Amino acid sequence: MSRFITFEGIDGSGKSTQARLLADYLSSKGTKVFFTKEPGEGKLGEAIRNEILDRRDIDIQPYAELCLFCADRAQHVRELILPKLKDGYTVICDRYYDSTLAYQGSGRELDPDLVLRMAVASSLGVEPDVTFFLSVPVEQALLRLKDRGKERNKMDEEPFEFHSRVDEGYRQLIEKGIPRIKVIEASGSLEATQMEIRRFFE
C-alpha cells in the first residue's frame, strides 16, 4: 500500500536528516521506499534549484521565485511522485507545497490567497497522507545553519526576520488543525527526534 509522507520545517530544523533516517528505517522493515526532495529532482528540478538557491549573480524577484518553485513541483509530481505511488512505494519527500505557503507566502510576504492557489495547483491533486513538521526555535536553527559552511544556499543566508516569518507561517498552518500535520519536537538529539517520528509507524 502506497503512502505519501512529507517533511517540513525551517532551514536548520533537521528535517532532511530525519526524512532520510525514516526512509532507511522503513526500508529495513521491508517497505518499498522512494526518497525525494523539493526543489531539485529531475533535470528541470536541478536547473530550477540551481537558479533559485545556488546562483548568486541573479536577483530573483519573489513572484518569479514562487512560479519557479511551483513549476518544479508540478514536474516533480508528474515525473516522479505519482509513478512511484502508483507502483506501491511509500514516497518520502523533503519539502512539499507547505514550504511554498511558509516561505513565499509568509517569508516573502506575497499575496497569501495567490500563493495558496498556485501551491495547491502545482501538486496536481496529490496530497500527503502525513506531514511531519519539525519544530525548532529559530535561534537554534540558525546556529545549526552556521555549521554548514560551504553547504549553505541563498535561502539559508536570509536574515533572522525572514526565518522568523517562515516559522510563523508554519505555526499558522498548524493552528488550522490540519489532521495530516504532526508536530515533532526537534530541538533535542537526532535519536530522540527520530524515535518520536517512528512511533507513528508502530
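With this note's numbering, the residue at position 104 of the sequence shown is 1333, and numbering never jumps.
Glycine included, C-beta positions come from ideal geometry on N, C-alpha and C.
Treat the numbers as computed from the prediction; the structure is a model and nothing was measured.
Expressed to the nearest angstrom, what Euclidean distance is found between the alpha-carbon atoms of residue i and residue j?
i     : j     : result
Q1369 : V1349 : 30 Å
T1329 : D1342 : 12 Å
L1345 : R1278 : 21 Å
R1428 : D1286 : 45 Å
V1365 : I1239 : 8 Å
K1297 : I1281 : The sequence given here has Leu at residue 1297, not Lys. Near 8 Å, if we compare the C-alpha coordinates of I1281 and L1297.
R1373 : K1383 : 15 Å
S1418 : D1301 : 32 Å
A1303 : T1235 : 16 Å
E1237 : I1407 : 14 Å
G1274 : Q1401 : 28 Å
C1299 : A1331 : 13 Å
Counting C-beta neighbours from all protein chains within 10 Å, is the total for residue i 16 or more, i.e. buried, or is it exposed?
i     : result
R1307 : exposed
D1358 : exposed
P1388 : exposed
Q1290 : exposed
S1242 : buried
L1363 : buried
S1351 : buried
M1230 : exposed
I1310 : buried
R1324 : buried
A1293 : exposed
I1266 : Here residue 1266 is Lys; the residue named in the question, Ile, does not match the sequence. Per the 10 Å Cβ criterion, buried.
Kindly indicate which three-state DSSP category residue i falls into: helix, strand or coil?
i     : result
L1363 : strand
V1344 : helix
I1277 : helix
I1410 : strand
T1329 : helix
T1422 : helix
L1314 : helix
G1334 : helix
E1339 : According to the sequence provided, residue 1339 is Leu. The question's Glu does not apply to it. L1339 falls in the coil class under three-state DSSP.
D1214 : Because the chain here runs from 1230 to 1431, residue 1214 falls outside it and cannot be looked at.
L1353 : coil
E1270 : coil
K1375 : helix
D1385 : coil
D1358 : coil
D1240 : coil
Start and end of the beta strand (DSSP E) containing residue i?
i     : result
D1323 : T1319 to D1323
R1232 : R1232 to E1237
K1266 : V1262 to K1266
So residue i is in the alpha helix (DSSP H); what residue range does that whole segment cover?
i     : result
F1389 : F1389 to E1404
S1416 : Neither: S1416 is in no alpha helix (DSSP H) and is coded neither H nor E.
K1244 : K1244 to S1257
P1291 : P1291 to H1305
Can you confirm whether the region 1239-1258 touches the region 1413-1428 when touching is taken to mean that 3 or more C-beta pairs between the two stretches lie within less than 8 Å? With contact defined as three or more Cβ pairs closer than 8 Å, the region 1413-1428 and the region 1239-1258 are in contact.
Are the region 1259-1270 and the region 1308-1320 touching by the rule of at least three beta carbon pairs closer than 8 Å? Touching, per the Cβ criterion.
For the pair the region 1332-1346 and the region 1392-1399, tell me if three or more CB-CB distances fall below 8 Å. The answer is yes - the region 1392-1399 touches the region 1332-1346, with three or more Cβ pairs under 8 Å.
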